[in-house]
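> As they're listed, the protein sequences go chains A and B.
Under the working numbering, the first residue of the first sequence is numbered -17, with each subsequent residue one higher.
Under the working numbering, the first residue of the second sequence is numbered 244, with each subsequent residue one higher.
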Amino acid sequence: MLVRLAAEKATGALLRDHGTLYLVDGRVVHAESPAAPGMDVLLTTAGRIPREGWDEAVDRAGAHRAVGRFLVDSGRLGDGELEICHLGAVFDAAFFALSPASGPTRFRYGVGHWFGTVRPVSAEAVERETLRRRELLDAVWPYASVDTAPVVPRPAAPGQGLGARRRALLAAADGVRTPADLARLLGRPAFHTLLDVRRLAAAGLIETPLDAAPDATPTPPPPAFPPVPPVADPDIALLRRLRDALEAHL
Amino acid sequence: MPGIDECLMEAMTLPGARGASLVDWNSGLALGTAGESPVGDHETTAAETAELARAAAEFDSFTVSAEGPGADGDEPPVEDLIVTTRAGYHVLRFVRTSFDSSVFLHLWLDRDTGNLALARLRLADIAERLVLG
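1) If we cut at 8 Å on Cβ distances, does Ile218 of chain A have a partner in chain B?
2) If I measure Cβ to Cβ from Leu324 of chain B and keep anything under 6 Å in the same chain, skipping five residues before and after, which residues do I get?
3) Measure the alpha-carbon distance for Met255 of chain B versus Ala277 of chain B and round it to whole angstroms.
4) Quick one: what does DSSP say Gly313 of chain B is sitting in, helix, strand or coil?
5) Terminal residues of the continuous alpha helix (DSSP H) containing Arg149 of chain A?
6) Rounded to whole angstroms, what is the Cα-Cα separation between Glu(-10) of chain A and Leu373 of chain B?
7) What residues from the region 170 to 190 of chain A come within 9 Å of chain B, judged by C-beta to C-beta, listed N to C?
8) Return no unless some Cβ of chain A is closer than 8 Å to the Cβ of Asn269 of chain B.
9) Just to make sure I have the definition right: I need the residues of chain A whose C-beta is within less than 7 Å of the C-beta of Gly246 of chain B. Which are they?
10) Under DSSP, the alpha helix (DSSP H) around Trp36 of chain A begins and ends at which residues?
11) Bridge partners for Glu249 of chain B per DSSP, in chain order?
12) Would you call the CB atoms of Val321 of chain B and Asp267 of chain B closer than 8 Å?
13) Give me the chain A residues within the contact set of Leu375 of chain B, using Cβ-Cβ distance strictly less than 8 Å, ordered along the chain.
14) Near Ala75 of chain A, which residues of its chain fall below 6 Å by C-beta distance, leaving aside the five closest residues on each side in sequence?
15) How would you list, in chain order, the residues of chain A whose beta-carbon sits under 9 Å from the beta-carbon of Val346 of chain B?
16) Is the region 217 to 226 of chain A touching the region 134 to 142 of chain A in the sense that three or more CB pairs, one from each, lie closer than 8 Å?
17) If we define contact as Cβ-Cβ less than 8 Å, is Leu24 of chain A a contact residue for chain B?
18) Using a C-beta to C-beta distance shorter than 7 Å, which residues of chain A count as neighbours of Thr340 of chain B?
19) Assuming the contact rule is C-beta atoms closer than 8 Å, Phe52 of chain A and Ala39 of chain A should be a hit. Round their C-beta distance to whole Å, please.
20) Could you please tell me which residues of the region 107 to 140 of chain A, in chain order, have their CB closer than 9 Å to any CB of chain B?
21) At 8 Å on the CB atoms, spell out the chain A contacts of Thr306 of chain B, in chain order.
22) Since Phe73 of chain A meets chain B, which of its residues come closer than 7 Å, beta carbon to beta carbon?
23) Along the beta strand (DSSP E) that carries Ser56 of chain A, what are the first and last residues, could you check?
24) Under 9 Å between beta-carbons, which chain A residues line up against Arg303 of chain B? List them in chain order, please.
25) Express the C-alpha separation of Leu265 of chain B and Glu286 of chain B in angstroms, rounding to a whole number.
26) Buried or exposed, going by whether 16 or more other CB atoms sit within 10 Å of the CB of Pro140 of chain A?
27) Could you round the C-beta distance between Gly(-6) of chain A and Leu5 of chain A to whole angstroms and report it? I think they count as a contact, below 8 Å.
28) Can a CB atom of chain B be found closer than 8 Å to the CB of Ala28 of chain A?
29) Can you name, in chain order, every residue of its own chain whose Cβ lies under 7 Å from the Cβ of Gly94 of chain A, other than the five neighbours on each side?
30) Answer yes or no: do Val108 of chain A and Val10 of chain A have a C-beta to C-beta separation smaller than 8 Å?
31) Check the Cβ of Leu168 of chain A against every Cβ in chain B and list those closer than 9 Å, keeping chain order.
32) Tell me which residues share the same chain as Val249 of chain A and place their Cβ nearer than 8 Å to its Cβ, disregarding the 5 neighbours each side in the sequence.
Here is the structure:
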């Protein structure tokens, strides 16, 4: 449907269960999803713009559908910053809006979004990127159950490296918050958080729900196992992944 | 104030420049591209360079020592990454933003006509103006 709307250069809103895509002349100009933090969360969580500054921009420029432009013209944000943040938010929301389990699709012609146009992207590019992202998640750890379950940390093996971003994510994981909650709390894009969560699960650093079955996406045949040299120092993360995978098949 | 396209165009005026892009290293998304890609497809190049940038941005060996006293909390600990091939140079410059993002500029230069030292300095300058205006 998106491809057809792009071909007819449609303007309006594509409504789905998990989000909405806004098109102008067949190009994607905005997207939002309840699963993905919006521009306001991304910009105010880090203190880049105070909450009052955001509200002022929406009040004064929302009716003209030029909030993005207002943020730049009033000196709150640079052009480059606006484009980087907005593109990130659009692709993030589009990933959820275009998810396959997203129910019926409706298109309302002529409907625009109050944020205004920043940097339109072709519908094909959005669709291609969404597919690529889905494959990337499954290539890291093919258990979609971790995307929505509360994030439950597990103790790290000695010497297991994490990186600052994932350390911050784990520190905020209290066993109740889901990846979407953590994204909002930390002011990060939701897809980036899902990717980090799958990487942590693959490393055995968070729980993968035990009833999880691997996704039904076609996977390449498993490679033949190379001969294993004797090791004095076993790879704990690998052993945990193996155990989790075996348990998941019980 | 320059936007993404103006910054990439400016990078392309450097001697020996063959391709430039702005890439998110977390997702592998190309936010903007200019010129050629070494493999003929900017999206593939973005995904591949993102893997390299992510390793540098996340491994403690590169980042922990940079977080010492005097370091700005917003500043990415790694400034840039240079890959030299037989035919060219690749300079990956991390972009600092004051909201949560993970982007870098990638400039691909011809080995014979490119000037690595100049490109590195100018790319740092472009990355700064991209967000500060």
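Beta carbons are placed, not taken as given, at the ideal position from N, Cα and C, and that holds for glycine.
No experiment lies behind these values; they were computed from the predicted model shown.
According to the data block:
1) no
2) Ala299 and Leu335
3) 7 Å
4) Only weak support is given to the placement of Gly313 of chain B: the predicted model assigns it a pLDDT of 47, under 50, and the question is left unresolved by the model.
5) Ala146 to Ala154
6) 34 Å
7) Arg170, Pro171, Phe173, His174, Leu177 and Asp178
8) yes
9) Asp61, Gly62 and Glu65
10) Arg33 to Ala43
11) Note: Glu249 of chain B sits in no beta bridge, so no partner.
12) no
13) Gly60
14) Gly1, Ala13, Glu14, Ser15 and Ala18
15) Ile66 and Gly70
16) yes
17) yes
18) Glu63 and Ile66
19) 5 Å
20) Ala107, Arg110, Glu111, Arg114, Arg115 and Leu118
21) Gly145 and Ala146
22) Leu272
23) It is not in any beta strand (DSSP E) - Ser56 of chain A carries neither H nor E in the DSSP assignment.
24) Checking the sequence, you will find Asp at residue 303 of chain B rather than Arg. Those are Gly143, Leu144, Gly145 and Ala146, listed as they occur along chain A.
25) 11 Å
26) exposed
27) 6 Å
28) yes
29) Tyr4 and Arg47
30) yes
31) Asp343
32) Examination of residue 249 of chain A is not possible in this model, given that chain A is present from -17 through 232 alone.
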